[in-house]
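Going letter by letter, the sequence shown gives residues 26 to 459 in the working numbering. From the three backbone atoms N, C-alpha and C, an ideal C-beta is built for every residue, glycine too. Being a predicted model, the structure only gives us computed values, none of them experimental. Worksheet: the structure to be examined is printed underneath.
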Amino acid sequence: MSASMLLDIHALRQTFPRADGGELLVLDGIELQLGQGQIVGLLGRTGSGKSTLLRSIAGLMPPSAGTVTYLGQPVVAPAPGIAMVFQGFALFPWLTVLENVQLGLEALGLPDAEIRKRALAAIDLIGLDGYESAYPRELSGGMRQRVGFARALVVHPNILLMDEPFSALDVLTAETLRTDFLELWGDGKLPIKGVILVTHNIEEAVLMCDRILLFSSNPGRIIREIGVDLKRPRNRLDPRFRDLVEEIYVAMTARRPVPPKAGISAGAVATSIDTILPRISANLLSGFIETLAAEPYSGKADLPVIAELLHMEADDLFPVSDALQMLHLVEIEGGDIKITDTGKQFVEAGTDDRKKIFQRQLLSYVPLAAHIRRVLQERANHVAPKSRFFDELEDHMSTEDAEVTLRSVTAWGRYAEAFAYDDDSQTFSLENPT
Ligand code: ADP
Ligand code: MG
Numbered sequence: 026m027s028a029s030m031l032l033d034i035h036a037l038r039q040t041f042p043r044a045d046g047g048e049l050l051v052l053d054g055i056e057l058q059l060g061q062g063q064i065v066g067l068l069g070r071t072g073s074g075k076s077t078l079l080r081s082i083a084g085l086m087p088p089s090a091g092t093v094t095y096l097g098q099p100v101v102a103p104a105p106g107i108a109m110v111f112q113g114f115a116l117f118p119w120l121t122v123l124e125n126v127q128l129g130l131e132a133l134g135l136p137d138a139e140i141r142k143r144a145l146a147a148i149d150l151i152g153l154d155g156y157e158s159a160y161p162r163e164l165s166g167g168m169r170q171r172v173g174f175a176r177a178l179v180v181h182p183n184i185l186l187m188d189e190p191f192s193a194l195d196v197l198t199a200e201t202l203r204t205d206f207l208e209l210w211g212d213g214k215l216p217i218k219g220v221i222l223v224t225h226n227i228e229e230a231v232l233m234c235d236r237i238l239l240f241s242s243n244p245g246r247i248i249r250e251i252g253v254d255l256k257r258p259r260n261r262l263d264p265r266f267r268d269l270v271e272e273i274y275v276a277m278t279a280r281r282p283v284p285p286k287a288g289i290s291a292g293a294v295a296t297s298i299d300t301i302l303p304r305i306s307a308n309l310l311s312g313f314i315e316t317l318a319a320e321p322y323s324g325k326a327d328l329p330v331i332a333e334l335l336h337m338e339a340d341d342l343f344p345v346s347d348a349l350q351m352l353h354l355v356e357i358e359g360g361d362i363k364i365t366d367t368g369k370q371f372v373e374a375g376t377d378d379r380k381k382i383f384q385r386q387l388l389s390y391v392p393l394a395a396h397i398r399r400v401l402q403e404r405a406n407h408v409a410p411k412s413r414f415f416d417e418l419e420d421h422m423s424t425e426d427a428e429v430t431l432r433s434v435t436a437w438g439r440y441a442e443a444f445a446y447d448d449d450s451q452t453f454s455l456e457n458p459t
């Protein structure tokens, strides 16, 4: 490992125990190097294992396999040279700003005067001067996150880990914090040598990072590495900036290869009974496809462009485009989203015909929906408890994902009138078995 290498991750794998005694593979084959002076971005959808990876780097969770090496030493416990900024600020409400920041230093066993001096310097650096004795509840979200930054920086870490640090803030506040951070970084004023930034925001990654690692989901793997060699400060309107954003959209919406077990024709979207379904209402799906069908898109749009116009972040847009693609109402290729013939029929149809089209697509292309319907048809009373399907799903995915998947298929099935669901008795039923 060269002297300028801060962090070296090799063949990292992370699994969690599953309800059925098996294991859920969350991260696989992760290779990551962080050199001095670099900001490396980890970009992927929700659930791709980004936070899990940060926890491994921070020494909060030993990897199931593989190694995390920090300055030539394996990380087995929290290392003093690695600090973290969280999305949710994680401040102590009963402590003042100064006390919250000092907390970061207490483990280091420095003299009181030194602790105070360093905390005040960090507070000053991050733009919180004058707020030393305020309590978190008196601060705006942006100011609270500045405290989060000050608390991480006060230890003068070599590596700063940031887990979606701007995503709980409103758009303008987030941009101000990004700009301030980049200015301090560019001027060499931050007491850190390298940064790992987790984000699901494509533009944020291109704005801030020297290198971006794109993650796939289920399991999380690095599918692509993209270098950003635009000079700073970067301009979002620069055509080269836009090209990179587009390139990442294309990579993140590229079709996953169909697993052989699914037995669907080549080119089809990979969906099987254990595919995690995005949590999207039938209303949002129809609203989106109507927008796509109407002017100015007339059935075809550039994903980043439509995202921008609908004020959606990639992470909000992907589940919608995934679901529509899964139902064969749209096609996605090269970062473009295009309505299919069935999609057009759906938009032009009245309410009842829409439901019929939706039902046909749902039962043809979402194996879980077809499975639920088949089970209901086979039962004499046409009723089955939710738990039956939940247990099946839990063998293949986390409890959380099983919940979301079942909730989505329920909402879609209800809209399509493919089956009914009763919340009180937690049972599925068939109203008109045919
Ligand atoms: P991201 O930060 O990219 O959204 P996470 O690292 O939070 O993703 O989660 C990745 C996957 O690991 C998810 O499917 C999540 O449900 C699962 N997961 C995370 N932590 C645990 C845990 N402690 N036990 C079981 N599953 C977990
Ligand atoms: Mg996360």
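Straight-line spacing of the CA atoms in ALA199 and GLY173 works out to 14 Å. With respect to the 8 Å criterion, HIS353 and GLN384 are not classified as neighbours on the basis of their beta carbons. Here DSSP, grouped into helix, strand and coil, assigns GLU356 to strand. If one requires a minimum length of 4 residues, the alpha helix (DSSP H) runs lying completely within the stretch 117 to 162 are 122 to 131, 137 to 150, in chain order. With a beta-carbon spacing of about 20 Å, GLY219 and GLY69 fall beyond the 8 Å limit used to define contacts.
Collapsing the DSSP output to three states places PHE444 in coil.
Taking the C-beta atoms as reference points, PRO161 is found no nearer than 8 Å to PRO190. Around ARG432, the same chain offers ARG304 as residues with beta carbons nearer than 7 Å, after the five sequence neighbours per side are excluded. Between GLN112 and SER192, the beta carbon gap of about 6 Å places them in contact (Cβ cut-off 8 Å). Residue pairing by DSSP places PHE240 opposite ILE247 in a beta bridge. Within a 10 Å sphere around the beta-carbon of SER389 sit fewer than 16 other beta-carbons, which makes this residue exposed. For TYR322, there is no enclosing beta strand (DSSP E), as DSSP gives it neither H nor E.
Look at which beta carbons fall closer than 5 Å to any heavy atom of the ligand ADP; those residues are PHE41, VAL51, THR71, GLY72, SER73, GLY74, LYS75, SER76, THR77, SER423, GLU425. Residue environment: GLN170 is assigned as buried (16 or more neighbouring CB atoms within 10 Å of its CB, all protein chains considered).
For GLY54, the uninterrupted beta strand (DSSP E) run begins and ends at 48 to 60, by DSSP. Across the structure, VAL180 and ILE237 are spaced so that their CA atoms are roughly 26 Å apart.
In the structure shown, ALA374 falls within a coil segment according to DSSP collapsed to helix, strand and coil. Setting aside the 5 residues that flank it on each side, LEU393 is surrounded in the same chain by ILE298, VAL434, each with a C-beta closer than 6 Å to its C-beta; the list follows chain order. For ASP327, the three-state secondary structure derived from DSSP is strand. About 6 Å separates the beta carbon of ALA436 from that of ALA307, a gap short enough to meet the 8 Å contact definition. The beta carbons of LYS380 and TYR440 sit about 7 Å from each other, so the pair counts as a contact at 8 Å.
Per the Cβ contact rule, the stretch 359 to 371 is not in contact with the stretch 238 to 251 (fewer than 3 Cβ pairs under 8 Å). Per DSSP, PRO216 lies in no beta strand (DSSP E) segment and is marked neither H nor E.
LEU232 sits close to ARG203, with the two beta carbons spaced by under 8 Å. Spatial neighbours of VAL345 in its own chain (CB-CB distance under 6 Å, excluding positions within 5 residues in sequence) are listed in chain order as ILE305, PHE313. For GLY106, the secondary structure class from DSSP, reduced to helix, strand or coil, is coil.
Inclusion of GLN39 and LEU59 in the CB contact set at 8 Å is not warranted, their separation being larger than that value. Assigned with DSSP and collapsed to three states, ALA115 falls in coil, not helix or strand. Within 7 Å of the C-beta of GLU124 there is not a single heavy atom belonging to the ligand MG. Contact between the stretch 331 to 348 and the stretch 403 to 410 is absent: fewer than 3 CB-CB pairs across the two stretches fall below 8 Å. Counting the other Cβ atoms within 10 Å of the Cβ of GLU163 gives fewer than 16, which makes it exposed. Distance from the Cα of TRP210 is smallest, within the candidate group VAL253, LEU150, VAL122, MET337, for LEU150. In this chain, the alpha helix (DSSP H) harbouring HIS396 covers 392 to 403.
Contact between MET109 and ASP33 does not hold, since their C-beta atoms are separated by about 19 Å, which reaches or exceeds 8 Å.
DSSP lists ALA409, TYR446 as the beta-bridge partner residues of PHE453. Taking each of ARG267, GLY72, ASP212 in turn and checking the Cα distance to ASP426, the smallest one comes out for GLY72.
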